[in-house]
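Asker: Residue numbers (this note's numbering): 4 to 302.
Idealized CB from N, CA, C, for every residue including glycine.
Here the structure is a predicted model, which is why all the values come from computation and not from measurement.
Quick look at the structure:
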């Protein structure tokens with residue numbers, strides 16, 4: 004018996020079981036069958052059967068469907084099918100664990116984040132002056148755009164989490180989860196400039212483990228960073244109500260626009276679930292569609 008035959012048998016057993024259990028319509032059963040057969044076909048290319056499907060397989064498959072143009076509603080339905088399928092298999096003793104446990108469905112109808120354009124980011128990054136505070140602010144803006152850190156992660160960054168030699172940042176995110184994020188050349192230069200010149204001037208021989216400090220030598224706060232973002236947005240002539248999260252949105256959207264894959268962006272952002280990252284694909288797609296219609300001769 005081949006893997007395909009095994010999958011077909013398991014799918015039929017599941018469909019028979021839920022039909023007897025719930026009395027589902029023929030259309031609903033057909034939708035379940037279609038979702039499962041597509042997932043099984045995708046798994047077979049990896050040499051796996053449905054029974055062998057793992058959490059990583061489910062996440063990879065959902066990422067694959069998003070890259071192929073699936074909407075949040077479609078992705079949510081596929082995950083709902085897989086969730087019901089694996090719960091049934093677990094109950095029947097066909098698997099020892101449910102790979103869909105704790106996976107969140109993609110948000111449907113969620114407002115898309117407004118992404119700052121690459122030109123807008125350049126204007127924002129150029130806004131700080133050359134004073135000690137300006138050098139600090141430029142370093143903060145460059146770091147946030149280069150890494151996609153949450154504002155709380157940025158202001159809480161400690162010297163021990165910064166490795167300028169390897170150009171990496173060790174981030175302690177939500178739930179104490181750790182991730183490693185590259186800095187990039189521009190952020191590295193700004194940080195080196197800040198750490199060697201501006202930070203000692205702000206500290207005035209005081210001691211602090213915080214990377215970013217205030218004029219009094221204390222750690223920066225989220226509220227203070229929020230205010231400086233708004234101030235620099237005004238100086239740069241950027242319309243709209245910009246927030247620290249706008250740079251995180253820009254980080255994700257610009258990566259996707261330039262060809263980054265969804266799973267990599269998920270890891271860089273520190274999202275525990277791929278569905279949280281999926282919303283950025285629609286921002287990127289809308290941007291690409293706009294560029295196409297504006298610049299393609301047959302747009």
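Could you pull out every unbroken beta strand (DSSP E) segment of at least 3 residues lying fully inside the stretch 212-248, listed in chain order?
Answerer: If we require 3 residues or more, the stretch 212-248 turns out to have no beta strand (DSSP E) run fully inside it.
Asker: DSSP puts residue 166 in a beta bridge; with which residues?
Answerer: Bridge partners of residue 166: 171.
Asker: Could you check what DSSP says for residue 98 in three-state terms: helix, strand or coil?
Answerer: It is coil, neither helix nor strand.
Asker: Using beta-carbon positions only, say whether residue 273 and residue 207 come within less than 8 angstroms of one another.
Answerer: No, the pair does not count as a contact, with Cβ atoms beyond the cut-off.
Asker: Does the stretch 192-209 touch the stretch 230-249, meaning 3 or more C-beta pairs lie closer than 8 angstroms?
Answerer: No, the stretch 230-249 does not touch the stretch 192-209.
Asker: What does residue 182 pair with, by DSSP beta-bridge criteria?
Answerer: Answer is 174, bridged to residue 182.
Asker: If you check the beta carbons only, do residue 212 and residue 163 fall under 8 angstroms apart?
Answerer: Yes, they are a contact pair.
Asker: Look at the alpha carbon of residue 115 and the alpha carbon of residue 244, and state the distance between them as a whole number of angstroms.
Answerer: In this predicted model, residue 115 has a pLDDT of only 49, less than 50, meaning its place in the structure is not dependable; the value taken from the coordinates is given anyway. The straight-line gap from Cα to Cα measures roughly 15 angstroms.
Asker: Let's see if you can read the secondary structure: which residues bound the alpha helix (DSSP H) around residue 203?
Answerer: Start and end: 202-206.
Asker: Is the separation between the beta-carbon of residue 61 and that of residue 265 shorter than 8 angstroms?
Answerer: Not in contact: residue 61 and residue 265 (Cβ atoms no closer than 8 angstroms).
Asker: Under a Cβ-count criterion, where at least 16 other Cβ atoms within 10 Å of its own Cβ denotes burial, should residue 167 be classed as buried or exposed?
Answerer: Its Cβ having fewer than 16 others within 10 Å, residue 167 is exposed.
Asker: At the level of alpha carbons, what is the spacing between residue 227 and residue 197?
Answerer: Taking the straight line from one Cα to the other gives about 18 angstroms.
Asker: Under 8 angstroms, with one C-beta from each stretch per pair, do the stretch 64-80 and the stretch 90-103 reach the 3-pair mark?
Answerer: In short, these stretches do not touch, since the Cβ pair count stays below three.
Asker: Beta-carbon separation of residue 14 and residue 36 under 8 angstroms?
Answerer: Cβ distance < 8 angstroms, so residue 14 and residue 36 count as in contact.
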